[in-house]
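**Q** Residue numbers (this note's numbering), protein chains in the order written: chain Z, 799 to 1084; chain Y, 799 to 1084.
We put the beta carbon where it would ideally sit given N, CA and C, even for glycine.
Note that this is a predicted model, so its numbers are computed, not measured.
There are 2 protein chains.
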Amino acid sequence: MKTYLDCIPCFIEQSLWVSRLTTTDERKIRKVLDEIGMMIKDISFNSSPPEIARLVYKKIGEILNVYDPYKEIKEECTQTALKLYPFLKKEVEQSNDRLLTAIRVSIAGNVIDFGANRNFELEKEIDEILKKDFAICKYEEFKEYLESTDEILYIGDNAGETVFDRILIEELNKSITYVVRGRPVINDATYEDAVKAGLDKVATIVSSGTDAPGTVLETTNEEFKKIYNNAKFIISKGQGNYEALSEERGPIFFLLKVKCPVIAKDIGVKDGDIILKVAKDTKRIN
Amino acid sequence: MKTYLDCIPCFIEQSLWVSRLTTTDERKIRKVLDEIGMMIKDISFNSSPPEIARLVYKKIGEILNVYDPYKEIKEECTQTALKLYPFLKKEVEQSNDRLLTAIRVSIAGNVIDFGANRNFELEKEIDEILKKDFAICKYEEFKEYLESTDEILYIGDNAGETVFDRILIEELNKSITYVVRGRPVINDATYEDAVKAGLDKVATIVSSGTDAPGTVLETTNEEFKKIYNNAKFIISKGQGNYEALSEERGPIFFLLKVKCPVIAKDIGVKDGDIILKVAKDTKRIN
Chain Z
799 MKTYLDCIPC FIEQSLWVSR LTTTDERKIR KVLDEIGMMI KDISFNSSPP
849 EIARLVYKKI GEILNVYDPY KEIKEECTQT ALKLYPFLKK EVEQSNDRLL
899 TAIRVSIAGN VIDFGANRNF ELEKEIDEIL KKDFAICKYE EFKEYLESTD
949 EILYIGDNAG ETVFDRILIE ELNKSITYVV RGRPVINDAT YEDAVKAGLD
999 KVATIVSSGT DAPGTVLETT NEEFKKIYNN AKFIISKGQG NYEALSEERG
1049 PIFFLLKVKC PVIAKDIGVK DGDIILKVAK DTKRIN
Chain Y
799 MKTYLDCIPC FIEQSLWVSR LTTTDERKIR KVLDEIGMMI KDISFNSSPP
849 EIARLVYKKI GEILNVYDPY KEIKEECTQT ALKLYPFLKK EVEQSNDRLL
899 TAIRVSIAGN VIDFGANRNF ELEKEIDEIL KKDFAICKYE EFKEYLESTD
949 EILYIGDNAG ETVFDRILIE ELNKSITYVV RGRPVINDAT YEDAVKAGLD
999 KVATIVSSGT DAPGTVLETT NEEFKKIYNN AKFIISKGQG NYEALSEERG
1049 PIFFLLKVKC PVIAKDIGVK DGDIILKVAK DTKRIN
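1. In chain order, which continuous runs of the alpha helix (DSSP H) of length 4 or greater are located wholly inside the stretch 815-864 of chain Z?
2. Would you say Ile806(Y) lies against chain Z (beta-carbon separation less than 7 Å)?
3. Under a Cβ-count criterion, where at least 16 other Cβ atoms within 10 Å of its own Cβ denotes burial, should Lys994(Y) be classed as buried or exposed?
4. Roughly how many angstroms separate the alpha carbons of Gly1012(Y) and Asp986(Y), rounded to a whole number?
5. Listing by chain order, which chain Z residues have their CB less than 7 Å from the CB of Lys839(Y)?
6. Does the structure place the stretch 861-875 of chain Z close enough to the stretch 935-949 of chain Z that three or more beta carbon pairs sit under 8 Å?
7. Can you give me, in chain order, the residues of the stretch 808-832 of chain Y that have a beta carbon less than 7 Å from any beta carbon in chain Z?
8. Residues of chain Y with CB under 7 Å from Leu803(Z), in chain order?
9. Helix, strand or coil: how does DSSP classify Phe1051(Y) here?
10. Looking at the structure shown, is Thr960(Z) part of a helix, part of a strand, or coil, going by DSSP?
11. In this structure, what does DSSP give as the bridge partners for Cys935(Y)?
12. Can you name the start and end residues of the beta strand (DSSP E) that Tyr952(Y) belongs to?
13. Quick one: residues in its chain with C-beta nearer than 7 Å to the C-beta of Glu849(Z), no 5 flanking neighbours on either side, listed in chain order?
14. Using the rule of at least 16 other Cβ atoms within 10 Å of the residue's Cβ for burial, across every protein chain shown, is Arg1091(Y) buried or exposed?
15. Per DSSP, which one or two residues make a beta bridge with Ile967(Z)?
16. Comparing C-alpha positions only, which one of Tyr1040(Y), Glu1046(Y), Val1060(Y) sits nearest to Leu1054(Y)?
17. For Tyr1026(Y), does the three-state DSSP call read helix, strand or coil?
18. Could you tell me the boundaries of the beta strand (DSSP E) in which Lys972(Z) lies?
19. Just to confirm, is the Cβ distance from Tyr989(Y) to Val1000(Y) under 7 Å?
20. Decide if Asp955(Y) is buried, meaning its Cβ has at least 16 other Cβ atoms within 10 Å, or exposed.
21. Might you give, ordered along the chain, the residues of its own chain that have their beta carbon closer than 6 Å to the beta carbon of Leu897(Z), omitting 5 neighbours on each side?
22. Can you find the residues in the same chain that come closer than 7 Å, C-beta to C-beta, to Leu920(Y), ignoring five residues on each side of it along the sequence?
23. Only counting the same chain, and skipping five residues up and downstream in sequence, which positions put a Cβ closer than 8 Å to that of Ile901(Y)?
24. Is the beta carbon of Ile953(Y) sitting closer than 7 Å to the one on Ile927(Y)?
25. Considering Val1004(Z), what are the terminal residues of the beta strand (DSSP E) in which it resides?
26. Beta strand (DSSP E) containing Lys1035(Y): first to last residue?
27. What three-state label does DSSP hand Val993(Y) in the structure shown?
28. Rank Val961(Y), Tyr976(Y), Ser1044(Y), Lys1063(Y) by C-alpha distance to the C-alpha of Thr876(Y) and give the top, closest one.
29. Report all residues from its chain with a CB closer than 8 Å to the CB of Ser845(Z); omit the five preceding and five following residues, and keep chain order.
30. Quick check on DSSP: helix, strand or coil for Asp911(Z)?
31. Determine the contact status of Val830(Y) and Ile858(Y), defining contact as a CB-CB distance below 7 Å.
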């Protein structure tokens, strides 16, 4: 997905927010806004938003001399999610369609986001998503791919959401490779965050190597590229991964909650909708 | 009031919005964002937001070659407000305290804003404001000043709001000088807009000469400066005028609805509050 003009005010707003999270020094925050302001003219609108966000957050990290501004927030989100784990597990166990409910749970975890839409109320939104109709629901195709393979590449998104992913992974009952970012960016899950969510018990965790808040393929490492190119069934979680991979062909299933009007417009759904979408040229198996 | 860091994302967002209102040419809109982005580093945070907004909107006008992008919107707002005039008049006539109700009506008109908060529902908000408690209410002082003078300088804000001001002016029953901007900026009222609202029938309309969306004194003309400096009782409507005049001393009464968290913080009230505030060093008369 390309970057839209509407992404620009959002980048500036995010820059201010993460700066405030990191420091109270108004001069430093001012410098961040000055520098990010000057970056606007260099943005290629053919790049995807995570490609731009990668550069924006890198610049902010340099100016504020901070490596992982969301460290504590990520820790809190993971702990909150772990407390919800028994409840979520029960929701799945008591449902008529365990797999579909686990997919819903995994999407519900996607509300944990400190990029596009930070004003979330986790428990309220979980309740809503567990009942909400899908705007796009390629569940039949999902099941076909699931039956046809023993190995799944599961591309994670945010810390805390990881716990919700674990619920789905436990239902999939396949050999799972769970992909995390190569280094901290916004509240995206790194290796450490995934382990804290207990994903090492149910999956092989690998790093895509990227420092973008989305799987921007050119920024991924060789190991990941190999796994990605050989994958027969890919689950891509969240907006950042959708933005980076939406033009890709092949067996990718996008699970996300739409959290901004730009993505809603790009997909052709409404802000707030939940999606189980399939990448173009993903052929039906049966 | 000085400009806060939070004003920066808001300027960028407003730039995008007014550009979209003016053109569908994405390259031109892109150029606006590029140029406004580069302006950030030159912003003096000791200036008030309308001083900065003045430069921002001037630059946008130059790039898009547009003089009055809000012309139609202003016209619509005035027509909508004129239709509400009989209802508003009745509200005043049927109230226990006509003057206070007219002040409320005038503040209700201040929800018509295409700068800080464009997502307003006029009729719903009028209803709310007619019943809402004031967060700051210097009504006794207001009445004292009203009794002590025959002439009032009334500094207007937005087109459409002008009609609501007329309701208050009709209750004041004094010799009123109604001040408009010197040229179009956002949806602020110009001479033409004030005449369309019928203000020429109840007041002497004068232009402050400013091209800022607020009464930035250094940008006003000599005629206005003279009237302003001699005024014994000034009514200042809206956020833009508050931002520009909040540090002034003397007999200014600020009537506004707070429409952004920055101003709420500056005044020490909540976003959404209604205010009848008095400038510092405005002495009690009795």
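**A** Looking at the atomic coordinates:
1. Runs of the alpha helix (DSSP H) lying entirely within the stretch 815-864 of chain Z, each at least 4 residues long, are 824-837, 847-862 in chain order.
2. Locating residue 806(Y) in the second sequence gives position 8, where the first residue counts as 1. Yes, its Cβ sits closer than 7 Å to a Cβ of chain Z.
3. Here residue 994(Y) corresponds to residue number 196 of the second sequence, with the count starting at 1. Result: buried.
4. For the purposes of this step, residue 1012(Y) is taken as the residue at position 214 of the second sequence. For the purposes of this step, residue 986(Y) is taken as the residue at position 188 of the second sequence. Looking at the two C-alpha atoms, the distance is approximately 9 Å.
5. For the purposes of this step, residue 839(Y) is identified with residue 41 of the second sequence, where counting begins at 1. Asp832, Gly835, Met836, listed in chain order.
6. Cβ pair count under 8 Å is below three, so no.
7. Those residues of the stretch 808-832 of chain Y that come within reach of chain Z (Cβ to Cβ, closer than 7 Å) are Ile810, Glu811, Leu814, Glu824, Ile827, Arg828, Leu831, Asp832.
8. As a first step, residue 803(Z) is located in the first sequence; it is residue number 5 there, counting from the start. Near Leu803(Z) (Cβ distances below 7 Å), the residues of chain Y are Leu814, Glu824, Ile827, Arg828, Leu831.
9. Position 253 of the second sequence, counting from 1, holds the residue named residue 1051(Y). Collapsing the DSSP output to three states places Phe1051(Y) in a strand.
10. Walking along the first sequence from the start, residue 960(Z) turns up at place 162. Of the three classes helix, strand and coil, the one that applies to Thr960(Z) here is helix, per DSSP.
11. Within the second sequence, the letter at position 137 stands for residue 935(Y). As DSSP reads the structure, Cys935(Y) sits in a beta bridge with Leu1074(Y).
12. Looking up residue 952(Y) in the second sequence gives position 154. Its beta strand (DSSP E) spans residues 949-953.
13. For the purposes of this step, residue 849(Z) is taken as the residue at position 51 of the first sequence. Within the same chain, Ala1010, Val1014 come within 7 Å of Glu849(Z) by CB-CB distance, once the 5 residues on both sides are set aside.
14. With chain Y running from 799 to 1084 in the structure shown, residue 1091(Y) is simply not present.
15. On the first sequence, position 169 is the one that residue 967(Z) refers to. According to DSSP, residue pairing for Ile967(Z) in a beta bridge does not occur.
16. Translated into positions along the second sequence, residue 1054(Y) becomes position 256. Per the Cα distances, Tyr1040(Y).
17. Taking the first residue of the second sequence as position 1, residue 1026(Y) is located at position 228. Tyr1026(Y): helix per DSSP, three-state reduction.
18. Counting from 1 along the first sequence, the entry for residue 972(Z) is found at position 174. Counting along the chain, Lys972(Z) falls outside any beta strand (DSSP E), and DSSP gives it neither H nor E.
19. For this step, residue 989(Y) is matched to residue 191 along the second sequence. For this step, residue 1000(Y) is matched to residue 202 along the second sequence. Taking 7 Å as the cut-off, the beta carbon of Tyr989(Y) is found no closer than this to the beta carbon of Val1000(Y).
20. Translated into positions along the second sequence, residue 955(Y) becomes position 157. Flag for Asp955(Y) reads buried.
21. On the first sequence, position 99 is the one that residue 897(Z) refers to. The residues are Glu969.
22. Here the question's residue 920(Y) lines up with position 122 in the second sequence. Here the set comprises Thr878, Val909, Ile910.
23. Sequence index remark: in the second sequence, residue 901(Y) carries index 103 (1-based). Closer than 8 Å at Cβ, skipping near neighbours: Tyr937, Phe940, Leu966, Leu1053, Leu1074.
24. The residue given as residue 953(Y) occupies position 155 in the second sequence. The residue given as residue 927(Y) occupies position 129 in the second sequence. No, these two residues do not count as a Cβ contact at 7 Å.
25. Against the first sequence, residue 1004(Z) aligns to sequence position 206. Counting along the chain, the beta strand (DSSP E) containing Val1004(Z) begins and ends at 1002-1005.
26. Sequence index remark: in the second sequence, residue 1035(Y) carries index 237 (1-based). Counting along the chain, the beta strand (DSSP E) containing Lys1035(Y) begins and ends at 1032-1035.
27. What you label residue 993(Y) is simply residue 195 of the second sequence in a count that begins at 1. Residue state, collapsed to three classes: helix.
28. Counting from one through the second sequence, the residue named residue 876(Y) turns up at place 78. That would be Val961(Y), whose Cα lies nearest to the Cα of Thr876(Y).
29. Position 47 of the first sequence holds residue 845(Z). Take Ser845(Z), set aside five residues on each side of it, and the residues of its chain with a beta-carbon closer than 8 Å to its own are Lys800, Thr801, in chain order.
30. As a first step, residue 911(Z) must be located in the first sequence, where it is residue number 113. Coil, per DSSP.
31. Here residue 830(Y) refers to the residue found at position 32 when the second sequence is read from its first residue. Here residue 858(Y) refers to the residue found at position 60 when the second sequence is read from its first residue. The answer is yes: Cβ separation under 7 Å.
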